[in-house]
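For reference, each letter of the sequence shown is one residue, going -23 to -1, 1 to 124 in mature numbering (1 follows the signal peptide of the UniProt record, and there is no 0).
We treat Cβ as the ideally placed atom computed from N, Cα and C, and that holds for glycine.
Quick notes on the structure that follows.
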Amino acid sequence: MLAKPYAIVILSAALFFTGLSQAAERKVIMPKGDESSRLYSPGIEANGFIFTSGQLAIDPTSGKLVEGIEAQTRLALANLRRVLEAGGSSMDKLVKVNVYLSNIDDYAAMNKIYAESFNGAPPVRTALQVGKIPLGALIEIEGIALK
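Written out as structure tokens, the structure reads:
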């Protein structure tokens, strides 16, 4: 009778230590054209997930911020998609999204554009107003996706 509990303890310890070794692995995701020196990584792959940095509506070709909440929402989502695809994921594999707005009155306009980005059930999401977004942007979007 004592052998069964010992087997469970040994199996649990093996699973625990396997999980610890996997947790230490991470890979930086760098979309093509984003190879410039940065203070942060656009994305990190770890344990089967892709974690993205907040994406602004900066045109990757010109390096300029586009104007208006609709255009900024579209481009921030496109930049999010670029990071996910560079990591081997997609918008349909997003599980969590955070949307930061400089003005909560832009919520309905953002939502209209945001809804166009998903084929099936959208990911869980938090959307809120923040004090200021870098470069005077109106929106910043970050996500967590399955690989």
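Take the Cβ of residue i as the centre, count every other Cβ of all protein chains shown within 10 Å, and call the residue buried at 16 or more, exposed below.
i      : result
Ile81  : exposed
Asn56  : buried
Arg51  : buried
Leu78  : buried
Leu33  : buried
Arg58  : buried
Glu16  : Sequence check: residue 16 is Leu here, not Glu. It is exposed - the Cβ of Leu16 has fewer than 16 other Cβ atoms within 10 Å.
Ala122 : buried
Taking 6 Å as the limit between beta carbons, can you name the residues of its chain near residue i, skipping five residues before and five after?
i     : result
Pro37 : Gly10
Ala63 : Ile6 and Pro8
Gly31 : Glu117 and Glu119
Arg3  : Ile21 and Ala23
Val76 : Ala104 and Ile118
Ile35 : Leu42
Leu54 : Ser94
Going by alpha carbons, who is nearest to residue i out of the options?
i      : options                         : result
Tyr91  : Ala122, Gln49, Gly64 and Gly113 : Gln49
Met68  : Ile21, Asn96 and Gly25          : Asn96
Asn88  : Val107, Ile116 and Lys70        : Ile116
Lys124 : Ile35, Ser79, Ile27 and Gly108  : Ile27
Ser94  : Ser79, Leu71, Gly108 and Leu42  : Leu71
Ser18  : Glu44, Tyr77 and Val60          : Val60
Ala86  : Leu42, Ile46, Thr29 and Tyr77   : Ile46
Leu112 : Ala98, Lys4 and Val43           : Val43
Ala98  : Tyr84, Lys41, Val74 and Asp83   : Val74
Ala114 : Asp83, Gly65, Thr29 and Ser66   : Asp83
Taking DSSP's pairing of strands, which residues face residue i in a bridge?
i      : result
Arg102 : Val74
Lys4   : Glu22
Gly120 : Val74
Phe95  : Phe95 pairs with nothing; no bridge assigned.
Gln32  : Ile118
Leu42  : Ile35
Ile27  : Glu22 and Ala122
Leaving out the 5 sequence neighbours to the left and right, which residues in its chain are closer than 7 Å to residue i when beta-carbon positions are compared?
i     : result
Ser39 : none
Gly65 : Lys124
By Cβ distance, which residues of its chain are closer than 8 Å to residue i, with the 5 residues on each side in sequence left out?
i      : result
Lys109 : Ser79
Is there a Cβ of chain C sitting closer than 8 Å to that of residue i, yes or no?
i      : result
Ala114 : Protein chain content of the structure displayed is limited to a single chain, and chain C is not contained in it.
### Query
Does the stretch 104 to 116 come within contact of the stretch 13 to 24, defined as at least 3 CB pairs closer than 8 Å?
no
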